[in-house]
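**Student:** Last residue of the sequence shown: 359 in our numbering, with the numbers rising by one and none dropped.
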Amino acid sequence: MRNIMVTGGAGFIGSNLVRHLILNHPDYNIINVDALTYAGNLANLADIESNPAYRFVKADICDAQAISDIISRYNIDGIIHLAAETHVDRSIVDPLAFARTNMIGTLTLLNCAKDYWEKLPEGYNGKLFYHISTDEVYGSLLHDDPPFTEQTPYTPHSPYSASKAGSDHLVRAYHDTYGMPTLITNCSNNYGPYQFPEKLLPLVINNVRLHRPIPVYGKGDNVRDWLFVEDHARAIDLIFHKGKPGDTYNIGGNCEQRNIDIIRKVVATTDRLLGNPPGYSDSLITFVTDRKGHDLRYAINASKLTRQLGWKPLTSFDEGIERTVAWYLDNRQWLDNVTSGAYTEYYDKMYGRPTTTPQ
Ligand code: NAD
Ligand code: TYD
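(1) Please report the residue range of the beta strand (DSSP E) in which residue 286 lies.
(2) From the DSSP output, in three-state form, read off residue 148 for me.
(3) Answer yes or no: do residue 32 and residue 3 have a C-beta to C-beta separation smaller than 8 Å?
(4) Give the DSSP-derived three-state secondary structure of residue 347 in the structure shown.
(5) Can you give me the C-alpha to C-alpha distance between residue 360 and residue 137, rounded to a whole angstrom?
(6) If you draw a straight line from the C-alpha of residue 163 to the C-alpha of residue 275, how long is it?
(7) Going by the C-beta, is residue 265 closer than 7 Å to any heavy atom of the ligand TYD?
(8) Report back the beta-carbon spacing between residue 214 and residue 204 to the nearest angstrom; my notes put them in contact at under 8 Å.
(9) First and last residue of the beta strand (DSSP E) that includes residue 215?
(10) Is residue 164 near the ligand NAD - that is, is its Cβ less than 7 Å away from at least one heavy atom of it?
(11) Is the distance from the Cβ of residue 194 to the Cβ of residue 24 below 8 Å?
(12) Excluding the 5 residues preceding and the 5 following residue 18 in the sequence, name in chain order all residues of the same chain whose CB lies nearer than 8 Å to its CB.
(13) Three-state secondary structure (DSSP) at residue 359?
(14) Please report the straight-line C-alpha distance between residue 315 and residue 334, rounded to a whole angstrom.
(15) Alpha carbon to alpha carbon, how far is residue 297 from residue 72?
(16) Which of the three DSSP states, helix, strand or coil, is assigned to residue 311?
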């Protein structure tokens with residue numbers, strides 16, 4: 001039996017990961033530690049919450065006392081760290097919240113784990129701190145550039161990606177300075193069930209359903225590399241068990257899409273599954289003022305992970321989009337519950353009315 005702490009397990013990727021671990025590793029205790037910010041929702045785990053191997057503890061990762069108590073009370077062997085502030089647009093409005101959780105929170109976790117593990121008779125033996133990061137730390141690519149590798153220098157541009165880069169450096173520092181067994185993975189954009197509808201895909205699906213404008217930032221020609229969230233959960237499981245401590249692995253979908261293309265595809269799929277005629281919601285697509293400092297392109301070279309550990313994505317883009325749209329339409333109550341009036345006002349304040357049209 002091993003005791004694994006997952007931070008941020010009530011969020012999008014965290015809840016998919018906790019479900020995956022509970023279903024695939026019955027010999028593990030999973031302790032989900034989450035502060036339940038606007039992005040954390042225990043309803044995401046309603047189907048597994050009564051499993052005896054699952055525990056939820058509400059705590060802020062910046063609270064050293066609370067984190068130390070949890071690590072010693074549950075005799076934690078491994079930490080998979082996902083808790084973070086994650087939305088680039090919010091980071092532009094409130095960068096300090098990102099520095100606090102992503103950097104101070106990660107440092108607090110590292111330090112509490114170090115203090116506990118170093119005092120054990122076995123020390124760091126059999127222990128692991130696995131930090132989940134993003135491809136955004138590598139910065140932005142031009143359309144012709146080769147994809148990011150693990151050797152690409154960090155050049156983050158947004159307060160979000162800069163704070164994630166800072167947290168990655170802190171994790172590496174604990175490995176190099178104290179000998180803590182750590183892993184870092186940098187993954188591309190995820191999509192799938194349980195994603196908060198401020199992120200592109202669920203926002204588009206929700207706005208088609210409610211017949212609201214769909215904001216396309218700038219000209220819609222920014223490129224992201226999309227990965228279905230269950231493929232990310234499988235990669236994390238594999239790397240947690242087989243990854244080389246001290247190493248970094250890129251994870252990606254090998255699936256680059258321009259925003260405008262993915263938006264059109266999701267709009268068409270949502271219309272079809274709602275029974276609307278083709279083209280019914282196309283007029284909702286609205287070009288708005290670009291995001292400040294908007295990164296042009298992210299693309300991941302995940303060949304190290306494929307070569308060394310044999311991972312590759314199993315869900316094709318077409319299948320993933322179909323499953324994702326169907327999930328949100330089958331779970332409209334979930335969408336309504338996480339979408340409050342305040343949330344809509346936040347967007348109205350940030351972007352106002354559409355102001356530009358692409359040439
Ligand atoms: P999310 O915003 O859906 O969830 C974040 C979770 O962290 C929430 O449950 C929230 O309550 C919790 N949290 C936030 N601040 C906290 C704090 N101070 N203490 C404890 N809990 C706190 O995020 P996500 O999209 O699931 O991303 C999870 C991780 O994966 C993040 O570290 C993110 O940087 C990384 N990542 C995300 C993507 C993506 O496309 N979503 C891609 C690559 C990497
Ligand atoms: P997002 O889901 O916020 O992820 P990230 O910024 O971390 O890549 O956005 C994905 C892309 O979609 C990004 O290029 C910004 C763009 N976008 C829009 O055009 N309209 C929107 O309403 C949102 C939320 C994002």
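Even for Gly, the Cβ is constructed at its ideal location relative to N, Cα and C.
Note that the structure is a prediction, hence the values are computed from the model and not measured.
**Tutor:** Well, looking at it:
(1) Locating residue 286 in the sequence shown gives position 286, counting from the first residue. From DSSP, the beta strand (DSSP E) with residue 286 extends over 285 to 288.
(2) Residue 148 sits at position 148 when you count from the first residue of the sequence shown. Here residue 148 sits in strand by DSSP.
(3) Taking the first residue of the sequence shown as 1, we reach residue 32 at position 32. Taking the first residue of the sequence shown as 1, we reach residue 3 at position 3. No, they are not a contact pair.
(4) Translated into the one-based positions of the sequence shown, residue 347 becomes position 347. Caution is warranted here: a pLDDT of 48 is assigned to residue 347, below 50, making its placement in the model unreliable, and no coordinate value can be reported.
(5) The shown model of the chain, from 1 to 359, leaves out residue 360, and the question about it has no answer.
(6) If you number the sequence shown from 1, residue 163 lands on position 163. If you number the sequence shown from 1, residue 275 lands on position 275. Each residue's alpha carbon lies about 43 Å from the other.
(7) Residue numbering aside, residue 265 sits at position 265 when the sequence shown is read from its first letter. No - the ligand TYD has no heavy atom lying nearer than 7 Å to the Cβ of residue 265.
(8) Start at 1 with the first residue of the sequence shown, and residue 214 comes out as number 214. Start at 1 with the first residue of the sequence shown, and residue 204 comes out as number 204. That pair is a contact at about 5 Å.
(9) As a first step, residue 215 must be located in the sequence shown, where it is residue number 215. Counting along the chain, the beta strand (DSSP E) containing residue 215 begins and ends at 214 to 217.
(10) Here residue 164 corresponds to residue number 164 of the sequence shown, with the count starting at 1. With a cut-off of 7 Å, the C-beta of residue 164 is classified as near the ligand NAD, since at least one heavy atom of the ligand falls inside that distance.
(11) For this step, residue 194 is matched to residue 194 along the sequence shown. For this step, residue 24 is matched to residue 24 along the sequence shown. No, Cβ-Cβ distance for residue 194 and residue 24 is not below 8 Å.
(12) The residue you call residue 18 lines up with position 18 of the sequence shown. Excluding positions up to five away in sequence, the list reads 6, 9, 30, 32, 45, 48, 54.
(13) As a first step, residue 359 is located in the sequence shown; it is residue number 359 there, counting from the start. Model confidence at residue 359 stands at a pLDDT of 33, short of 50, so the residue's coordinates are unreliable; what they give is reported in the following sentence. Residue 359: coil per DSSP, three-state reduction.
(14) Taking the sequence shown and counting its residues from 1, one reaches residue 315 at position 315. Taking the sequence shown and counting its residues from 1, one reaches residue 334 at position 334. So the alpha carbons of these two residues sit roughly 24 Å apart.
(15) The residue labelled residue 297 in the question sits at position 297 within the sequence shown. The residue labelled residue 72 in the question sits at position 72 within the sequence shown. Roughly 43 Å between the two C-alpha positions.
(16) Sequence index remark: in the sequence shown, residue 311 carries index 311 (1-based). Correct three-state label for residue 311: coil.
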